[in-house]
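Read the structure below first, then the notes.
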Amino acid sequence: MIVCNKKLVRFVYTLVSHNTKKRTSHKIMAFERTIKEAFDKLSGEILKADEVFDDSKDAFLVRKQFHKDEIELYCLECQQKLNVSTSKYDRLHFKHNPNADFCLLKDGKLSPDESEKIYAIYRSKESERHKFLKNQIGKQLSLLGDVSNVQIDDKFIFDNNEKRKPDVYCKYLDKEIVFEIQLSDLSLRYIISRHEFYQRKGIYLIWILDNFNAEGKKQTERDIKYLTEYQNFFKFDEQPEQFRLICKYKFPFLNERNRLMNKWKSKSLALSQIKFDDESKQAYYYDFHKKTTKKKEEQLKIEKELEEQQILAEKKRKKNDATEKANYITGLLKENWIKGQSCGFAKREIEDLNDYELKILNESNAFKPENGQPKIHRWFKIAKEKHIYFLYFILDCKQLTFDFNLKSIDNKTIIQTLIENKELHSKNYLIRQILKNGYIFKETDRVYINQLPNKAKENQATEILCELSSKIWNKSLIDDLFEHQSLICIIESAKRNKIVGFGWKGNQWIAFANNAIEFYSQYWEYIELAFKHYGIWERLIELDFKGSFQKKLENYYETNPTQNFDCDILFRYLYDELSE
């Protein structure tokens, strides 16, 4: 059961009634007049709606005067006639005729702030300052020979349903120019509407900004600055008797850190100094965008120059560091040479160098020819046995790029220079290392090889190995070549049809073959293939009168020893024909 409390009902009824009245009152209070001010053409006064209509006495008087044609009201913006009208809440207000053309105040949906700024502009037009400026501008323009048809505040310009009445209008050469004087803040909508109107008409609009601060932070100052790409702002120059405008323009420059900055400059200009953009219909003196583009190009050029300077400085630093390291290493090597010490520490220092540092080291004076003599020839010529570690280092250090095929100042090869040095004893090993460094054996070297203090068969074998080394592009296989000296000499004997590198007589083929199958049985497949390919096999069978070779051959097939193919790659270089 719901019990009705009469007191509660009365309270709710009272509250609802109060809120209803409050909402109605709020609606009345919220009434905002669209047209706040009107110009009375007969009296020349500006009537403010909020002042004349909120006082019942004044409101009655204005309404009476309007209906008796004692006042003639016009819109301050569009100069169209206004009526005195009543709203549904009996509020009097100014109103355009029903068939009125477009008006910014009527149709622009302005915010209260925008509306107030526009009315402030209209009020300023009636100030003594505004009148002085438009009259002076018009007067001085009239004195210029290239200017005609000067009109001060009395020319309407039409564009369909819109019309504007500029403060000053004139023709300059083949151009139409209007001057709009502004003493108060401008709304962005007001600025844009004027700009677009005159642009459509092909007329140049010059704002005369009497109190404008280009560096200011107010909204008006920001709005008008970014409306024009040229960032040029004009005010009337009152000092000279002839027409001049003071132009304040943004000037781009580069500071000491090559940062693009802007500052404001001012210059007094004659009308002839002002430029006109036919496309945007803007007047300007200084092309901020164009100058900024040039400054950016200059900035990029300076940045590139600075980068190049930094690169050069970095290159210089790297070269100095690399040269310092190179000098340190060559100093170590010099000390090792003098003292006959191992170059192990210097080698480790070299291994730690990067490619650029190695390049600087290889180009250092320590490794350049001395009086026309390549350094490798000098070292191998004057070296004594105590310098052997230094020579080993030079031959073993792959980071050092010596050309071992260079001839000496007296036209000798490096092998010839080495062999002529009677102080060195490990010549065979040194020759092997020289070949590993890319040396190409020369015909003239044969005579020198035979001068080595070895047995004739050893020198013959060395000569053969040196000759074969030129066929091997992979120089790491040179060690395999020398380690398989006897096997190579067996194959070469078959190929040359002449026993070489063993000291056997020319008719001892059976003894030679028996020795090969007995002591080199692990390589017999290579040897047998070579004997058969080069035509020695049939000859061995014919010469084997006692059958000793065939017995060893039978024994080989019976025992079938494991074959070693560790020199297979080497043989591909030397005896490619055996693989066919």
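Take 2 as the starting number for the sequence shown in my numbering and just add one per residue.
Every residue gets a Cβ at the ideal spot worked out from N, C-alpha and C, and that includes glycine.
Bear in mind the structure is a predicted one, so any value in this text is a computation, not a measurement.
Rounded to whole angstroms, what is the Cα-Cα separation between Lys335 and Ala314? Mapped onto the sequence shown, residue 335 falls at position 334. Mapped onto the sequence shown, residue 314 falls at position 313. One C-alpha to the other measures close to 31 Å.
Gln183 to Asn100, Cα distance in whole Å? Residue mapping note: residue 183 aligns to position 182 of the sequence shown, counting from 1. Residue mapping note: residue 100 aligns to position 99 of the sequence shown, counting from 1. When rounded, the distance between both Cα atoms is 31 Å.
Taking Cβ positions, are Phe235 and Trp265 nearer each other than 8 Å? Working through the sequence shown from its first residue, we reach residue 235 at position 234. Working through the sequence shown from its first residue, we reach residue 265 at position 264. Cβ distance not < 8 Å, so Phe235 and Trp265 don't count as in contact.
Note down, in chain order, each residue of its chain lying with its Cβ closer than 7 Å to the Cβ of Gln523, except the 5 sequence neighbours on either side. One-based indexing of the sequence shown puts residue 523 at position 522. So the list reads Pro562, Thr563, Gln564, Asn565, once near-sequence residues are dropped.
Taking the beta carbon of Phe405 as the centre, do at least 16 other beta carbons fall within 10 Å, making it buried, or is it exposed? Position 404 of the sequence shown, counted from the start, is the residue given in the question as residue 405. When all chains shown are included, Phe405 counts as buried.
If I measure Cβ to Cβ from Ala215 and keep anything under 6 Å in the same chain, skipping five residues before and after, which residues do I get? What you label residue 215 is simply residue 214 of the sequence shown in a count that begins at 1. Once the five neighbours on either side are set aside, the close Cβ partners of Ala215 are Phe234, Lys249, Trp265.
Close Cβ partners of Ile36 (< 8 Å) along its chain, the five nearest in sequence each way excluded: Locating residue 36 in the sequence shown gives position 35, where the first residue counts as 1. The residues are Ala50, Cys76, Leu83, His94, Phe95, Lys96, His97, Leu106, Lys107.
For Ala323, which residues in the same chain have their Cβ closer than 7 Å to its Cβ, ignoring the five residues on either side in sequence? Locating residue 323 in the sequence shown gives position 322, counting from the first residue. Within the same chain, Ala323 has close Cβ partners Tyr357, Glu358, Ile361.
Considering only residues of the region 363 to 419, which uninterrupted alpha helix (DSSP H) runs meet the minimum length of 4 residues and lie entirely inside it, listed in chain order? The alpha helix (DSSP H) runs lying completely inside the region 363 to 419 and spanning 4 residues or more are 376 to 383, 389 to 397, given in chain order.
Quick check on DSSP: helix, strand or coil for Arg260? In the sequence shown, counting from the first residue as 1, residue 260 sits at position 259. Three-state DSSP puts Arg260 in coil, outside helix and strand.
Expressed to the nearest angstrom, what Euclidean distance is found between the alpha-carbon atoms of Ala457 and Leu466? Taking the sequence shown and counting its residues from 1, the one referred to as residue 457 is at position 456. Taking the sequence shown and counting its residues from 1, the one referred to as residue 466 is at position 465. Answer to the nearest angstrom: the Cα atoms are 14 Å apart.
Outcome for Tyr558 when other beta-carbon atoms lying within 10 angstroms are tallied against a minimum of 16: Reading the sequence shown from its first residue, position 557 is the one you call residue 558. Exposed, because fewer than 16 other Cβ atoms sit within 10 Å of the Cβ of Tyr558.
Hey, would you say Leu419 sits closer than 8 Å to Lys408, going by beta carbons? For the purposes of this step, residue 419 is taken as the residue at position 418 of the sequence shown. For the purposes of this step, residue 408 is taken as the residue at position 407 of the sequence shown. No.
By how many angstroms is the C-alpha of Lys305 removed from the C-alpha of Lys348? Your numbering for residue 348 matches position 347 in the sequence shown. Your numbering for residue 305 matches position 304 in the sequence shown. Cα to Cα, Lys348 sits roughly 40 Å from Lys305.
Which of the three DSSP states is assigned to Cys248 in this structure? The count along the sequence shown starts at 1 and reaches residue 248 at position 247. Reduced to three states, the DSSP call for Cys248 is strand.
Within 10 angstroms of its Cβ, does Glu567 collect 16 or more other Cβ (buried), or is it exposed? Locating residue 567 in the sequence shown gives position 566, counting from the first residue. The displayed chain sequence assigns Asp, not Glu, to residue 567. Per the 10 Å Cβ criterion, exposed.
Lys499 versus Phe520, Arg540, Ile473, Asp481, residue with shortest Cα-Cα distance: Position 498 of the sequence shown, counted from the start, is the residue given in the question as residue 499. With distances taken between Cα atoms, Lys499 lies closest to Arg540.
Got a sec? Which residues, its chain only, sit under 7 Å from Ala495 by beta carbon, not counting five neighbours each side? Walking along the sequence shown from the start, residue 495 turns up at place 494. Ala531, Phe532, Tyr535, Ile537.
Can you find the residues in the same chain that come closer than 7 Å, C-beta to C-beta, to Gln551, ignoring five residues on each side of it along the sequence? Counted from its first residue, the sequence shown places residue 551 at position 550. Excluding sequence neighbours, Gln551 sits near Asp545.
Are the beta-carbon atoms belonging to Leu272 and Leu144 less than 8 Å from one another? For the purposes of this step, residue 272 is taken as residue 271 along the sequence shown, with counting starting at 1. For the purposes of this step, residue 144 is taken as residue 143 along the sequence shown, with counting starting at 1. Contact: no.
Cα-Cα separation between Ala462 and Glu421, rounded to whole angstroms: Numbered from its first residue, the sequence shown carries residue 462 at position 461. Numbered from its first residue, the sequence shown carries residue 421 at position 420. Answer to the nearest angstrom: the Cα atoms are 20 Å apart.
DSSP three-state call for Pro99: helix, strand or coil? Here the question's residue 99 lines up with position 98 in the sequence shown. Looking at Pro99 - three-state DSSP - the assignment turns out to be coil, as it is neither helix nor strand.
What residue ranges within the region 151 to 220 form continuous beta strand (DSSP E) runs of no fewer than 3 residues, ordered along the chain? 158 to 160, 163 to 165, 169 to 173, 176 to 183, 205 to 210
For Glu181, which residues in the same chain have their Cβ closer than 8 Å to its Cβ, ignoring the five residues on either side in sequence? The residue given as residue 181 occupies position 180 in the sequence shown. Non-local beta-carbon contacts of Glu181 in its own chain, meaning distances under 8 Å to residues more than five positions away in sequence, involve Pro167, Asp168, Arg195, Leu206, Ile207, Trp208, Ile209 in chain order.
C-alpha gap between Phe368 and Tyr521, whole angstroms: Within the sequence shown, the letter at position 367 stands for residue 368. Within the sequence shown, the letter at position 520 stands for residue 521. Approximately 45 Å between the Cα atoms of the pair.
CB-CB under 7 Å to Leu43, same chain, minus the five flanking residues each way: which ones, in chain order? Within the sequence shown, residue 43 is the residue found at index 42, counting from 1. Answer for Leu43: Ile72, Glu73, listed in chain order.
Take Tyr449 as the anchor and find which of Gln417, Tyr287, Leu571, Glu578 has the nearest alpha-carbon. As a working note, residue 449 is residue 448 in the sequence shown. Nearest option by C-alpha distance: Gln417.
Tell whether a beta-carbon distance below 8 Å holds between Phe289 and Lys317. On the sequence shown, residue 289 is found 288 positions in, with the first residue counted as 1. On the sequence shown, residue 317 is found 316 positions in, with the first residue counted as 1. Their beta carbons are not under 8 Å apart, which means Phe289 does not touch Lys317 by this criterion.
State the CB to CB distance for the pair Phe103 and Asn162, rounded to an integer number of angstroms; the pair is presumed to be in contact (CB under 8 Å). Within the sequence shown, numbered from 1, the residue matching residue 103 stands at position 102. Within the sequence shown, numbered from 1, the residue matching residue 162 stands at position 161. With 8 Å as the limit, Phe103 and Asn162 qualify as a contact, their Cβ atoms being about 5 Å apart.
So the alpha helix (DSSP H) Ser549 belongs to, where does it begin and stop? Residue numbering aside, residue 549 sits at position 548 when the sequence shown is read from its first letter. Looking at the DSSP string, the run of the alpha helix (DSSP H) that includes Ser549 is 549 to 560.
Kindly indicate which three-state DSSP category Glu117 falls into: helix, strand or coil? As a working mapping, residue 117 is identified with position 116 in the sequence shown. Reduced to three states, the DSSP call for Glu117 is helix.
Okay, do the region 325 to 340 and the region 293 to 300 touch, 3+ Cβ pairs below 8 Å being the bar? Output reads no: the region 293 to 300 does not touch the region 325 to 340.
List the DSSP bridge partners of Trp338. Within the sequence shown, residue 338 is the residue found at index 337, counting from 1. Trp338 is not bridged to any residue.
Quick check on the burial criterion: 16 or more other C-beta atoms within 10 angstroms. Buried or exposed for Gly502? Here residue 502 refers to the residue found at position 501 when the sequence shown is read from its first residue. Classification of Gly502: buried, given that the 10 Å Cβ count is 16 or more.
Write down every uninterrupted run of the alpha helix (DSSP H) in the region 423 to 508 whose length is 4 residues or greater and which is fully enclosed by it, in chain order. 428 to 437, 446 to 450, 457 to 470, 479 to 484, 486 to 497
For Glu280, is the classification buried or exposed, using 16 other Cβ atoms within 10 angstroms of its Cβ as the cut-off for buried? Stepping through the sequence shown from its first residue, residue 280 is reached at position 279. It counts as exposed.
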